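Numbering (the working numbering), first residue to last: 1 to 110. What follows is a set of notes on a single structure, which appears directly below.
What follows is the structure in structure tokens.
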């Protein structure tokens, strides 16, 4: 395991013994997922976690994703929701996302 301090939060990453094609990025809910995978398996993903991570932290966490990863699994927002509400957390992030012009103004799918 390797760890670094980025701002005041610790980032933990576990890498398989090969070049991964998948990475799991998230908060403390993902920090022990690597124990369910064999690092010598070619199907084992990379794991990058930051306890307490919020949606705003995702950009910094993506810097740790190995090159060649074509599938990214994100598990964040739990800490955002705990501080506000799901609706507030989602709406504040949607405002910063580029939208497909064909979908602008369309009601969100449920």
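Using N, Cα and C, we set each Cβ at its ideal position, and we do this for glycine too. Nothing here was measured: the structure is a model prediction, and the numbers come from that model.
Item                                                                                                       : Value
Judging by CA-CA distance, which residue of 35, 14, 88, 18 is the nearest neighbour of residue 48?         : 14
Helix, strand or coil: which one does DSSP assign to residue 24?                                           : strand
Does DSSP put residue 86 in a helix, in a strand, or in coil?                                              : helix
On the three-state DSSP scale, how would you describe residue 62?                                          : helix
Quick check: the Cα distance between residue 58 and residue 89, rounded to an integer number of angstroms? : 14 Å
Under a three-way DSSP split, which group does residue 33 fall into?                                       : helix
Looking at residue 53 and residue 20, is the spacing between their C-beta atoms short of 8 Å?              : no
State yes or no: is the C-beta of residue 26 within less than 8 Å of the C-beta of residue 76?             : yes
Is the Cβ-Cβ distance between residue 44 and residue 16 less than 8 Å?                                     : yes
Quick one, which of 29, 34, 11 has its alpha-carbon nearest residue 22's?                                  : 34
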